[in-house]
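To keep things clear, I will list the structure first and then write my remarks on it.
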Amino acid sequence: MTAPGPGAHLLVSGGAGFIGSCFVRDVMGRRDGTRITVLDKLTYAGNRVNLGEVEADPEMAARFAFVQGDIADPSAVAPLAAAADAIVNFAAESHVDRSILEPAAFLRTGVDGVHVLLEALRAETERAGRGERSLAPRLLQVSTDEVYGSVDEGRSVEADPLAPRSPYAAAKAAGELLVRAYRVTYGLDAVTTRGSNTYGPYHHPEKLIPLFVTNALDDLPLPLYGDGLQRRDWLHVSDHAGAIAHVLAHGVAGEVYNVPGSAELTNREVVERLLALLGKPWSLVRTVADRPGHDRRYAMDGAHLGALGWVNRVGFDEGLASTVTWYREHESWWRAARRGDWDAYYARQYAERLATSSAADANP
Ligand code: NAD
Ligand code: TDX
Numbered sequence: 223m224t225a226p227g228p229g230a231h232l233l234v235s236g237g238a239g240f241i242g243s244c245f246v247r248d249v250m251g252r253r254d255g256t257r258i259t260v261l262d263k264l265t266y267a268g269n270r271v272n273l274g275e276v277e278a279d280p281e282m283a284a285r286f287a288f289v290q291g292d293i294a295d296p297s298a299v300a301p302l303a304a305a306a307d308a309i310v311n312f313a314a315e316s317h318v319d320r321s322i323l324e325p326a327a328f329l330r331t332g333v334d335g336v337h338v339l340l341e342a343l344r345a346e347t348e349r350a351g352r353g354e355r356s357l358a359p360r361l362l363q364v365s366t367d368e369v370y371g372s373v374d375e376g377r378s379v380e381a382d383p384l385a386p387r388s389p390y391a392a393a394k395a396a397g398e399l400l401v402r403a404y405r406v407t408y409g410l411d412a413v414t415t416r417g418s419n420t421y422g423p424y425h426h427p428e429k430l431i432p433l434f435v436t437n438a439l440d441d442l443p444l445p446l447y448g449d450g451l452q453r454r455d456w457l458h459v460s461d462h463a464g465a466i467a468h469v470l471a472h473g474v475a476g477e478v479y480n481v482p483g484s485a486e487l488t489n490r491e492v493v494e495r496l497l498a499l500l501g502k503p504w505s506l507v508r509t510v511a512d513r514p515g516h517d518r519r520y521a522m523d524g525a526h527l528g529a530l531g532w533v534n535r536v537g538f539d540e541g542l543a544s545t546v547t548w549y550r551e552h553e554s555w556w557r558a559a560r561r562g563d564w565d566a567y568y569a570r571q572y573a574e575r576l577a578t579s580s581a582a583d584a585n586p
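Written out as structure tokens, the structure reads:
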């Protein structure tokens, strides 16, 4: 089993979303002959426009294909897996608050979908064993820091127990455990990454940073959950995508790699910085009812990935400034991303919270 290098054919599931589309744009932009087929269901979070740069460039477009479909559909997955040297699975329902409102879709994609991918990988590995293809494909499962649960002190290492605390995190942990079981039982070539809180261009406006940037641009209230002292370690999307490409090429089969960020900050600190960049007042911030089961802190140790030779490149201040500029310059993108059930979701998540909110104390 050999990790795929330049010129390989990658199947990228969930490649029309935030991090997946960055991975596709960056890998295609290397112009090293790599071919990519994206399989994406185009849920409310998936957007083919995110891949427009690739599809509009003749050289990249010749190496690219897009298939609209569901990773939980074996008939969609099997022929694509048969043609792939590796599968990189970004596909997931990705928003914690939505998982608290409606968990079912999270389990369908995060558990059933990953199972379908693994069955396809198993079939292809058996074909390689019979000499019907030269090498078995590799699977890279994109997972998250949230599988560790809330970490009050210290930093999670890959061997720590998984203790997910939201339906989203539990679905991600279940997907990972299936990958682990298939690796152990069937000897599949699989690696897993656990990425930190990611931010950057093309981030759906439901998440903290893009929600607060876009609401602030419209002078709308910014709903800060609870005391706002929850801590996250922020990772720029180009570093997250780069780390995934690095693990795909160099990771050891069966291993899990944390992908930490480059700045651990409270939510209040993040909001203070983005308001300063936007020139908007703290008075927009409203203290609202907390997220149920809200994880207080995520923090991961990055030594295992570091030993593989990966280092993050984008510092948080630089990354946040360029992200804010991107949202300023791409108003049509983020207004269009607020489509589908956006208004109903926003009302369900925030109407009562905002009606019972209070002015947030000025940031200490
Ligand atoms: P996203 O919601 O922006 O994108 C998810 C993509 O998957 C969308 O294009 C969507 O259409 C597609 N999709 C959903 N269900 C599908 C299905 N059943 N079949 C095919 N495609 C489907 O999410 P993101 O923020 O880009 O996250 C990508 C991956 O990274 C997820 O697995 C997520 O758990 C993980 N992750 C995200 C972060 C973060 O901070 N955003 C951090 C760590 C890990
Ligand atoms: O309106 C809000 N108000 C608020 O205070 C929102 C949307 C969030 N928050 C808080 C909750 C978190 O403490 O901000 C923090 C970040 O929230 P999200 O952007 O929803 O991210 P988080 O819940 O930390 O999960 C993210 O990182 C891990 C991604 O969405 C996941 O997909 C990833 O796995």
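Whatever position you read off the sequence shown (first residue = 1), add 222 for the numbering used here.
The beta-carbon is built from N, C-alpha and C at its ideal position, and this holds for glycine as well.
Handout entry: Which listed residue (Thr436, Ile322 and Pro389) has its alpha carbon closest to that of alanine 558
Key = Within the sequence shown, residue 558 is the residue found at index 336, counting from 1. In terms of CA proximity to alanine 558, Thr436 leads the group Thr436, Ile322 and Pro389.
Practice task
Could you tell me whether the stretch 232-244 touches the stretch 305-313, where touching means 3 or more Cβ pairs closer than 8 Å?
Solution key: yes
Handout entry: Reduced DSSP category for glycine 537 - H, G, I as helix; E, B as strand; rest coil
Key = Translated into positions along the sequence shown, residue 537 becomes position 315. Correct three-state label for glycine 537: coil.
Problem - For leucine 457, three-class secondary structure by DSSP - result: Here residue 457 corresponds to residue number 235 of the sequence shown, with the count starting at 1. Looking at leucine 457 - three-state DSSP - the assignment turns out to be strand.
Problem - Residue from Asp441, Tyr572, Ser365 and Arg575 with nearest C-alpha to valine 401 - result: In the sequence shown, residue 401 corresponds to position 179, counting from 1. Of Asp441, Tyr572, Ser365 and Arg575, the residue nearest in Cα terms is Ser365.
Problem - Three CB pairs or more closer than 8 Å across the stretch 314-328 and the stretch 389-403 - result: yes
Problem - Cβ neighbour criterion (16 or more within 10 Å) applied to glutamine 290 - result: As a first step, residue 290 must be located in the sequence shown, where it is residue number 68. Glutamine 290 should be labelled exposed.
Exercise for the section: Would you mind working out which of Val379, Glu346 and Thr547 sits nearest histidine 526, comparing C-alpha positions? Expected result: In the sequence shown, counting from the first residue as 1, residue 526 sits at position 304. Taking each of Val379, Glu346 and Thr547 in turn and checking the Cα distance to histidine 526, the smallest one comes out for Val379.
Handout entry: Rounded straight-line distance, which links the Cα of proline 514 to that of glycine 376
Key = Counted from its first residue, the sequence shown places residue 376 at position 154. Counted from its first residue, the sequence shown places residue 514 at position 292. Distance from the CA of glycine 376 to the CA of proline 514, rounded to the nearest whole angstrom, comes to 23 Å.
Problem - Local Cβ density within 10 Å of threonine 259, reported as buried at 16 or more and exposed below that - result: Looking up residue 259 in the sequence shown gives position 37. With 16 or more Cβ atoms within 10 Å of its Cβ, threonine 259 is classed as buried.
Exercise for the section: Would you mind giving the Cβ-Cβ distance between serine 418 and leucine 457, rounded to the nearest angstrom? I have them listed as a contact below 8 Å. Expected result: As a first step, residue 418 must be located in the sequence shown, where it is residue number 196. As a first step, residue 457 must be located in the sequence shown, where it is residue number 235. Between leucine 457 and serine 418 the Cβ distance is about 4 Å, and since that is below 8 Å, they are a contact.
Problem - Opening and closing residue of the alpha helix (DSSP H) in which glutamate 341 lies - result: Counted from its first residue, the sequence shown places residue 341 at position 119. From DSSP, the alpha helix (DSSP H) with glutamate 341 extends over 336-351.
Practice task
Tell me glutamate 486's beta-bridge partners as DSSP assigns them.
Solution key: Here residue 486 corresponds to residue number 264 of the sequence shown, with the count starting at 1. Answer is Asp455.
Practice task
For the stretch 229-257, list the beta strand (DSSP E) runs that are entirely contained and at least 3 residues long, ordered along the chain.
Solution key: 231-235
Practice task
Please report how far the alpha carbon of arginine 252 lies from the alpha carbon of tyrosine 424, in whole angstroms.
Solution key: The count along the sequence shown starts at 1 and reaches residue 252 at position 30. The count along the sequence shown starts at 1 and reaches residue 424 at position 202. Whole-angstrom Cα-Cα distance: 20 Å.
Practice task
Can you grab the Cα-Cα spacing for the pair proline 226 / phenylalanine 245, in whole Å?
Solution key: Reading the sequence shown from its first residue, position 4 is the one you call residue 226. Reading the sequence shown from its first residue, position 23 is the one you call residue 245. C-alpha separation (whole angstroms): 15 Å.
Handout entry: Where glycine 473 falls: helix, strand or coil (DSSP)
Key = As a working note, residue 473 is residue 251 in the sequence shown. Here DSSP, grouped into helix, strand and coil, assigns glycine 473 to coil.
Problem - Burial state of glycine 229 (16 or more Cβ within 10 Å) - result: As a working mapping, residue 229 is identified with position 7 in the sequence shown. So glycine 229 ends up on the exposed side.
Handout entry: asparagine 480, enclosing beta strand (DSSP E) - first and last residue
Key = Here residue 480 refers to the residue found at position 258 when the sequence shown is read from its first residue. Asparagine 480 -> beta strand (DSSP E) spans 478-481.
Exercise for the section: Taking alanine 326 as part of the alpha helix (DSSP H), name the residues at either end of that continuous run. Expected result: Your numbering for residue 326 matches position 104 in the sequence shown. Segment 326-329, the alpha helix (DSSP H) holding alanine 326.
Exercise for the section: Please find out if some non-hydrogen atom of ligand 2 comes closer than 7 Å to the beta-carbon of leucine 329. Expected result: Taking the sequence shown and counting its residues from 1, the one referred to as residue 329 is at position 107. The answer is no for leucine 329.
Handout entry: Whole-angstrom C-beta distance between glycine 397 and valine 336, which should lie under 8 Å
Key = Residue 336 sits at position 114 when you count from the first residue of the sequence shown. Residue 397 sits at position 175 when you count from the first residue of the sequence shown. Confirmed, about 4 Å.
Practice task
Note the first and the last residue of the continuous alpha helix (DSSP H) segment covering glycine 417.
Solution key: Residue mapping note: residue 417 aligns to position 195 of the sequence shown, counting from 1. Run containing glycine 417: none in the alpha helix (DSSP H); it sits in the beta strand (DSSP E), 411-417.
Problem - Distance cut-off 7 Å: glycine 417 Cβ against heavy atoms of ligand 1 - result: Counted from its first residue, the sequence shown places residue 417 at position 195. Yes, the Cβ of glycine 417 comes within 7 Å of a heavy atom of ligand 1.
Handout entry: Simplified DSSP assignment, three categories, for arginine 360
Key = Taking the first residue of the sequence shown as 1, we reach residue 360 at position 138. Arginine 360: strand per DSSP, three-state reduction.
Exercise for the section: Have a look at Tyr447, Glu553 and Ala300 and flag the residue whose alpha-carbon is nearest the alpha-carbon of alanine 511. Expected result: Within the sequence shown, numbered from 1, the residue matching residue 511 stands at position 289. Out of Tyr447, Glu553 and Ala300, Tyr447 has the C-alpha closest to the C-alpha of alanine 511.
Problem - Nearest to proline 482 (by Cα), restricted to the options Val533, Thr488, Ala381 and Val474 - result: Here the question's residue 482 lines up with position 260 in the sequence shown. For proline 482, the nearest C-alpha among the options comes from Val533.
Practice task
Return yes when at least one heavy atom of ligand 3 lies under 7 Å from the C-beta of histidine 552, else no.
Solution key: The ligand content of the structure shown is limited to ligand 1 and ligand 2, which means ligand 3 is not among them.
Handout entry: Proximity test, serine 366 beta-carbon vs ligand 2 heavy atom, cut-off 7 Å
Key = In the sequence shown, the residue the question calls residue 366 occupies position 144. Before going further, note that residue 366 is threonine rather than serine in the sequence given. Yes, the beta carbon of threonine 366 sits closer than 7 Å to at least one heavy atom of ligand 2.
Practice task
Just grab the DSSP bridge partners of methionine 282 for me.
Solution key: Within the sequence shown, residue 282 is the residue found at index 60, counting from 1. Its beta-bridge partners do not exist; DSSP assigns none.
Practice task
Return the residue from the list Ala381, Glu277, Ala543 and Leu261 that minimises the CA-CA distance to proline 296.
Solution key: Position 74 of the sequence shown, counting from 1, holds the residue named residue 296. Per the Cα distances, Leu261.
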